[in-house]
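Novice: Protein chains in written order, with this note's numbering: chain A, 5 to 649; chain B, 5 to 649.
Where is the CB? At the ideal position from N, CA and C, for every residue including glycine.
Protein chains: 2
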Amino acid sequence: MSKHTVQFLPYDIAIDVEDGETVIRAALEAGVHVNASCGGEGVCGKCRVLIEDGSVEGGISEQLSEEDRQKGYRLACRAAVKDNLVVRIPVESTIDSSVLKKQATPRRTAHIQEVNFEELKEKGLFVAPVEKIYLELPPPTAQDNLPDITRLISYLQLKHDEHRLEVTLALIRKIPQVIRENGFNVTATLVRPVRDVGKTRIINIQAGDTTRQSYAIAMDIGTTTIYGQVIDLISGDVLAEHGEFNGQISYGEDVISRIVYAEKSGGLARINEAVIKTVNKILGRIIRKSGVDPDNISTITLAGNTTMTQLLLAVDPRSIRRAPYVPAATLYPPIKAADLGMDLGEHVAALLYPAVSSYVGGDIVAGVMGSGIYRSKTLTLYLDVGTNAEIVIGNEDWLACAACSAGPALEGGGLKFGMRAAQGAIEDFSIDPVSLDPMIITIGNVRPKGICGSGLITMVAVMFEIGMINNLGKFERDLNTPRIRENDGVYEYVLAWGDETQIDRDITLSEIDIENLIRAKGAIYSGCMTLLNEVGMSIGDIEHIILAGGFGSYIDLEKAMTIGLLPELDADKVTFIGNGSLMGARMSSLTNRIRKDVAEVTKKMTNFELSDTNSYMDNYVAALFLPHTDMNQFPKLKSRLEQRK
Amino acid sequence: MSKHTVQFLPYDIAIDVEDGETVIRAALEAGVHVNASCGGEGVCGKCRVLIEDGSVEGGISEQLSEEDRQKGYRLACRAAVKDNLVVRIPVESTIDSSVLKKQATPRRTAHIQEVNFEELKEKGLFVAPVEKIYLELPPPTAQDNLPDITRLISYLQLKHDEHRLEVTLALIRKIPQVIRENGFNVTATLVRPVRDVGKTRIINIQAGDTTRQSYAIAMDIGTTTIYGQVIDLISGDVLAEHGEFNGQISYGEDVISRIVYAEKSGGLARINEAVIKTVNKILGRIIRKSGVDPDNISTITLAGNTTMTQLLLAVDPRSIRRAPYVPAATLYPPIKAADLGMDLGEHVAALLYPAVSSYVGGDIVAGVMGSGIYRSKTLTLYLDVGTNAEIVIGNEDWLACAACSAGPALEGGGLKFGMRAAQGAIEDFSIDPVSLDPMIITIGNVRPKGICGSGLITMVAVMFEIGMINNLGKFERDLNTPRIRENDGVYEYVLAWGDETQIDRDITLSEIDIENLIRAKGAIYSGCMTLLNEVGMSIGDIEHIILAGGFGSYIDLEKAMTIGLLPELDADKVTFIGNGSLMGARMSSLTNRIRKDVAEVTKKMTNFELSDTNSYMDNYVAALFLPHTDMNQFPKLKSRLEQRK
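Structure (structure tokens):
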């Protein structure tokens, strides 16, 4: 796709955007404020901008007078960039444009780090875990009436130099018919051992030559959402992907409430059934979507946090939530997928990512494996944020990890108008520093319904940076705007008036919401600091930050640093890997090398229980400010704020 | 128990019998004929004998006149030997007692060969396959919050020098609760690898110290009957044993008809369910009887013929019955007993005895292992006879095996009045060479219902030896007895008149029945001869015969040699091991050494397909005589017959 340069006046800020992007999102990216209340639906008419040069598509609306249209005004939220543009934002309040320029930082999201298979191949990291071999076996005769299984094994030994082979009951059950279906021409599926001393297991036999159809499933068992992928083991491609809310949600939103439920009589069985049902729903969907024959699927690799993994396996999780927080196991043997109730062939092995501890689970290990930290020289901070935040610091030589509870604020939970990152969620935000009017961008460009995590971070960051809220997260009491008001003794800012929303009520951000965010970001930041401290390092030593989890995909890095959620680091050093757990599961499906390394890696990952670390509470209390008690940890922000004064 | 000597007059034959044995059975053992029609029930009154010296208990009946009682007459079938006796048989026909003396050979059953555990221990053959270890684990603390499984494994590694440990899902599911039940004091059950390079699997964990309760199940999956035992792995004792007819019987009596049934739509599933149902019935019974806690049962070892094994595993058996007779597999991986539908703990592994071929199955291999042929220098002929006969010849250096179909005659099948060896079956028989009146002994000493295999062999042998039937199995046509008659063109001998039976019909032995027996014994004998021939040996080279199977327990060896079922060999060289399959399963439960050796042994067992061997048919035709075309193969019988002439 072609790109166009959009220059915004009077700010003299230019940005390159994809062809077809809306002008309002271009402004957002550039950090330029445009009033907007309707989330991008085009009904409030507040986002009129003047296209001074170049052409756009759309953006004409009855909200614009005929005269305005003639002049070149368009609605920024409906006008698509099709050309290099010069766009003037009508500044209705008379303010110094130098103030405007200091208003905000341009939007900076993290670079997305993809799996680089070529690099992995070059590094010899590809050891195919599943191999299909086509065999033209000699048919039995009176002189050679070996058992079917022996015929298969002998031929593999003699003609393919395969040794240390073992078979399964499922194979024995299948062989008599399949071997005769196509005149003793068959394809055998071999699963390689993780360790050289292990055995190669023949898990499947099929009539004819099916060597080109070889697939695996990768799955992330998230507390909230479960994602599955069908992976082509020959090309490495993802053929189909689908996510569903984990059916256990009805038994509790977070791991603790799930454990509480599992402790009830019959609870473990029900909660296990719920997740298996979701897994099967996803399997059905992705297998259908990919069009692959299920018989050609050989493995399913699953990654999840320790509680999700135990619940998937129907293992009583109660001691996970009680000091000293002991999981039943962190390494799991290969298990027959069908034994877990999964709708997959009898031959399919379920491989579970190992965990480190009760709160640093297989999802994080998968992220560490998938992102490649464990084989990199670069000192990296890996951060997976959801309701819990898991932190890994290290490189190829050492790895330290910890987990802390962030609370649900970063996922839009626990806020008065909080919601998940779904259609209608305010995901981006800007404010006119003089009028204090908002620019609201929602997911799906529809009228707002609520606030999601990334929107919340941005709101608090911009409000703090323009001085609308102080470092305690409280609104300045003397601001002259009807949008700030006291409601039942709590101060709040009206993001959207009732008639601009989908819910016919004012959508507000209250000081309680901000407090929740501060506690969440404080927990995460102090977790990082404490862990760094435990390993004798400081934030300055970190060369790379990897963000994982739903949280990281759209978050404005500069804003996250402004509120003190992330340590202040060059945004170029931050990458985003999306669902690290799923990425790790996919990588394991493709190469045994990862599965071989993972046992080493989990042993290497030193777990720190933050609750047992004296400095954690001190660090936490110090982090309950915007951005932090110690402004020197945020020098760039400090200088921006000083400049503003 | 004390023994008494019973001397029979006028024959001057003495025999030692157990205290309490009936006089009629003592006569039978001695080869002395006493007329008896009612099977030992005491109602025909024909077996009156005179106690000339010593005392008996019972035997007084209204069938005896007061005068006879005074004289010392008793009913032999109801009189128990309690003293040294001199017993006179009233010979009502006037015959030369020298003829009587030549009449028959004393009854000779095989020595019963028992498992000699002490000898096995001395030979270092005991490698306990299951070990329970009691562990007092340190409870977790904040500084030591290892996962439960890791705590268990680490402790076993550090304190018990156990390495290469692996765990199961069942263990992970069980550990969280059990480990906390008794303050982290637990007993771990370890299953040792068969090979040194293998892994030790921790299959179970129990609260407290259960090391003294360690059990296994051994089971023989017979086509007709399934036997199970609960075995104490510490003492080696059988704590409970029970047999049930294989529930598959309703789908066909022999393996071929079972296979035919399994080929029908849904047939395999139904026939598999039937056997599992019987297995579970036996398991329930023996576990209850033994009083052991099922959680202390660690393994189940099963032996069965190839078809029974495939049906137990729900593996399609169709190619077993079609040339070139190919089984699906002969070596089976360990399988979770619960996966097979067995009512045993999730932790219990089912170990299946390997087979050699479609018709030399795991039951025979188990017999070879259990009887110890494979580690003996003595050249042995192992013979397991049922509907099929399996033959193994060899010693510690080599083993050859073959199978042939004997037909059901030896199990009482296919005869006009044939029946299994159950109550009312004529199991023993003698004949007055002059009057041609029979002595009939039934199982349970009740009025006869039919003829079982061992009874049939004895009948034909004695009739042949006194010249009542010729070497073609035909009755001499000129004998003067109402018991021999023509019925629908077929000659038959009336064993019991209708009013003496339980079925109110004459029970007869017809020439067709005899023909069936000749075909059965011909198949077995020629099988032995052909196999010997294939390995370049003759019957004279055989130093030991081991009989296995239900057939061998009560069979009169001399009679079996007389009809040419067994080669003529000193009866002392014949031993009987009973259910060889069950014995092998029990041995495997007790020592891994057997399981280690068995793979070697099955490789060593060269299988000969008799149907592909040219000489088999010639040998078979030559064996379709009593005892054989070539009388020189039966020199002792030849000399007895010549003496009689």
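Can you tell me where the beta strand (DSSP E) holding A211(A) begins and where it ends?
Specialist: As a position in the first sequence, residue 211(A) is number 207, starting the count at 1. Unbroken beta strand (DSSP E) run through A211(A): T204 to A211.
Novice: So I179(A) is in the alpha helix (DSSP H); what residue range does that whole segment cover?
Specialist: In the first sequence, the residue the question calls residue 179(A) occupies position 175. Taken as a continuous stretch (DSSP letters only), the alpha helix (DSSP H) holding I179(A) covers L173 to E185.
Novice: Who are the near neighbours of M1(A) in its chain, counting only those whose CB is closer than 8 Å to its CB and skipping five residues on each side?
Specialist: Because residue 1(A) is not part of the residues shown, which for chain A are 5 to 649, the question remains open.
Novice: Using 8 Å for Cβ pairs, my map puts L335(B) next to P358(B). What's the rounded Cβ distance?
Specialist: In the second sequence, residue 335(B) corresponds to position 331, counting from 1. In the second sequence, residue 358(B) corresponds to position 354, counting from 1. Confirmed, Cβ separation roughly 5 Å.
Novice: When you compare each of E613(A), Q217(A) and D20(A) to V234(A) by their alpha carbons, which one comes out closest?
Specialist: Here residue 234(A) corresponds to residue number 230 of the first sequence, with the count starting at 1. Checking every option, the nearest Cα to that of V234(A) belongs to Q217(A).
Novice: What residues in its chain sit with their C-beta under 6 Å from that of L570(B), if we drop five residues either side in the sequence?
Specialist: Indexing the second sequence from 1 puts residue 570(B) at position 566. Around L570(B): A564.
Novice: Could you give the DSSP three-state label for E350(B): helix, strand or coil?
Specialist: In the second sequence, residue 350(B) corresponds to position 346, counting from 1. In this structure, E350(B) counts as coil in the three-state DSSP scheme.
Novice: Please state the DSSP three-state secondary structure of R2(A).
Specialist: Since the first residue shown for chain A is 5 and the last is 649, residue 2(A) is missing from the structure and cannot be characterised.
Novice: Taking the alpha carbon of P144(A) as the reference point, which residue from G582(B), N399(B) and R326(B) has its own alpha carbon closest?
Specialist: What you label residue 144(A) is simply residue 140 of the first sequence in a count that begins at 1. Selected option, being the one with the closest Cα: R326(B).
Novice: I want to verify the contact list: residues of chain A whose CB lies under 8 Å from the CB of T172(B), in sequence order.
Specialist: Numbered from 1 along the second sequence, position 168 holds the residue referred to as residue 172(B). Correct list: P337.
Novice: When the cut-off is 8 Å and only beta carbons count, does V330(A) lie next to chain B?
Specialist: In the first sequence, counting from the first residue as 1, residue 330(A) sits at position 326. For V330(A), the answer is yes, since a Cβ of chain B falls inside 8 Å of its Cβ.
Novice: Quick one: what does DSSP say A40(A) is sitting in, helix, strand or coil?
Specialist: Here the question's residue 40(A) lines up with position 36 in the first sequence. Reduced to three states, the DSSP call for A40(A) is strand.
Novice: Check each candidate in A307(B), L645(B) and S619(B) and name the one with the smallest Cα separation from P631(B).
Specialist: In the second sequence, counting from the first residue as 1, residue 631(B) sits at position 627. Nearest C-alpha to P631(B): L645(B).
Novice: Select from I290(A), V53(A), G256(A) and L460(A) the residue whose C-alpha is nearest the C-alpha of I650(A).
Specialist: This structure leaves residue 650(A) out entirely; chain A is present only between 5 and 649.
Novice: Could you tell me which residues DSSP pairs with S409(B) in its beta bridges?
Specialist: Here residue 409(B) refers to the residue found at position 405 of the second sequence. Its beta-bridge partners are N392(B).
Novice: Just to confirm the assignment, what range does the alpha helix (DSSP H) spanning K640(A) have?
Specialist: Indexing the first sequence from 1 puts residue 640(A) at position 636. Counting along the chain, the alpha helix (DSSP H) containing K640(A) begins and ends at P639 to R648.
Novice: Could you list which residues in chain A have their beta carbon closer than 7 Å to that of D320(B), in chain order?
Specialist: Here residue 320(B) refers to the residue found at position 316 when the second sequence is read from its first residue. P180 and Q181, listed in chain order.
Novice: At which residues does the alpha helix (DSSP H) containing I157(A) begin and terminate?
Specialist: For the purposes of this step, residue 157(A) is taken as residue 153 along the first sequence, with counting starting at 1. Run containing I157(A): D152 to H164, per the alpha helix (DSSP H) assignment.
Novice: Of all the CB atoms in chain B, is at least one closer than 8 Å to the CB of L299(A)?
Specialist: Along the first sequence, one-based indexing puts residue 299(A) at 295. The sequence given here has Asp at residue 299(A), not Leu. False, the Cβ-Cβ gap to chain B never drops below 8 Å.
Novice: Assuming I176(B) contacts G232(B) (C-beta within less than 8 Å), just tell me the rounded distance between them.
Specialist: Counted from its first residue, the second sequence places residue 176(B) at position 172. Counted from its first residue, the second sequence places residue 232(B) at position 228. Not really, about 29 Å apart at Cβ, beyond 8 Å.
Novice: Mind pulling the chain A residues with CB within less than 8 Å of D347(B)?
Specialist: Within the second sequence, the letter at position 343 stands for residue 347(B). Going along chain A, no residue has its Cβ under 8 Å from D347(B), so there is no contact; the nearest lies around 18 Å.
Novice: Rounded to the nearest angstrom, how far is the Cβ of G365(B) from that of T313(B), given a contact under 8 Å?
Specialist: Translated into positions along the second sequence, residue 365(B) becomes position 361. Translated into positions along the second sequence, residue 313(B) becomes position 309. Confirmed, Cβ separation roughly 6 Å.
Novice: Just to check my reading of the structure: K381(A) and N392(A) have Cβ atoms closer than 8 Å, yes? What is that Cβ distance to the nearest angstrom?
Specialist: The residue labelled residue 381(A) in the question sits at position 377 within the first sequence. The residue labelled residue 392(A) in the question sits at position 388 within the first sequence. At roughly 29 Å, the Cβ-Cβ gap does not stay under 8 Å, so K381(A) and N392(A) are not in contact.
Novice: Which class does G62(B) belong to by DSSP, given the choice of helix, strand or coil?
Specialist: Translated into the one-based positions of the second sequence, residue 62(B) becomes position 58. Three-state result, G62(B): coil.
Novice: Which residues in chain B have a C-beta closer than 8 Å to the C-beta of N149(A)? List them in chain order.
Specialist: Indexing the first sequence from 1 puts residue 149(A) at position 145. Within chain B, the residues near N149(A) are P328, Y329, V330, S361, S362 and E613.
Novice: Check the Cβ-Cβ distances between S323(A) and every residue of chain B, and say whether any is below 8 Å.
Specialist: By one-based count along the first sequence, residue 323(A) stands at place 319. So, interface residue.
Novice: CA-CA distance, R599(A) and I221(A)?
Specialist: For the purposes of this step, residue 599(A) is taken as residue 595 along the first sequence, with counting starting at 1. For the purposes of this step, residue 221(A) is taken as residue 217 along the first sequence, with counting starting at 1. Whole-angstrom Cα-Cα distance: 15 Å.
Novice: Kindly list the residues whose CB is nearer than 6 Å to the CB of A353(A), restricted to its own chain and excluding five residues on each side of it in sequence; keep chain order.
Specialist: Sequence index remark: in the first sequence, residue 353(A) carries index 349 (1-based). Excluding sequence neighbours, A353(A) sits near T303 and P338.
Novice: Suppose you measure from the CA of D482(A) to the CA of G62(A); what does that come to, to the nearest Å?
Specialist: Numbered from its first residue, the first sequence carries residue 482(A) at position 478. Numbered from its first residue, the first sequence carries residue 62(A) at position 58. Cα to Cα, the separation comes out at about 41 Å.
Novice: Answer with yes or no whether the minimum CB distance from I176(B) to chain A is below 8 Å.
Specialist: Here the question's residue 176(B) lines up with position 172 in the second sequence. Closer than 8 Å: yes.
Novice: Whole angstroms is fine: what's the gap from I395(A)'s alpha carbon to A406(A)'s?
Specialist: In the first sequence, counting from the first residue as 1, residue 395(A) sits at position 391. In the first sequence, counting from the first residue as 1, residue 406(A) sits at position 402. If you take the alpha carbons of I395(A) and A406(A), they lie about 5 Å apart.
Novice: In chain order, which beta strand (DSSP E) runs of at least 3 residues are fully inside the stretch 559-584 of chain B?
Specialist: Runs found: 578-582.
Novice: Find out if the Cβ-Cβ distance for the pair E56(A), V21(A) is shorter than 8 Å.
Specialist: Walking along the first sequence from the start, residue 56(A) turns up at place 52. Walking along the first sequence from the start, residue 21(A) turns up at place 17. No, the Cβ-Cβ distance between E56(A) and V21(A) is not below 8 Å.
Novice: Counting C-beta neighbours from all protein chains within 10 Å, is the total for L162(A) 16 or more, i.e. buried, or is it exposed?
Specialist: Here residue 162(A) is taken as the residue at index 158 of the first sequence, counted from 1. Looking at its Cβ environment, which holds fewer than 16 other Cβ atoms inside 10 Å, L162(A) is exposed.
Novice: Measuring straight from C-alpha to C-alpha, what distance separates G544(B) and D152(A)?
Specialist: The sequence position of residue 544(B) within the second sequence is 540, counting from 1. The sequence position of residue 152(A) within the first sequence is 148, counting from 1. Spanning the two alpha carbons is a distance of roughly 38 Å.
Novice: Below 8 Å on the Cβ atoms is my contact criterion, and I expect I290(B) with E245(B) to pass it. Report the Cβ-Cβ distance as a whole number of Å.
Specialist: Translated into positions along the second sequence, residue 290(B) becomes position 286. Translated into positions along the second sequence, residue 245(B) becomes position 241. Yes, they are in contact, since the Cβ atoms of I290(B) and E245(B) sit about 7 Å apart, within 8 Å.
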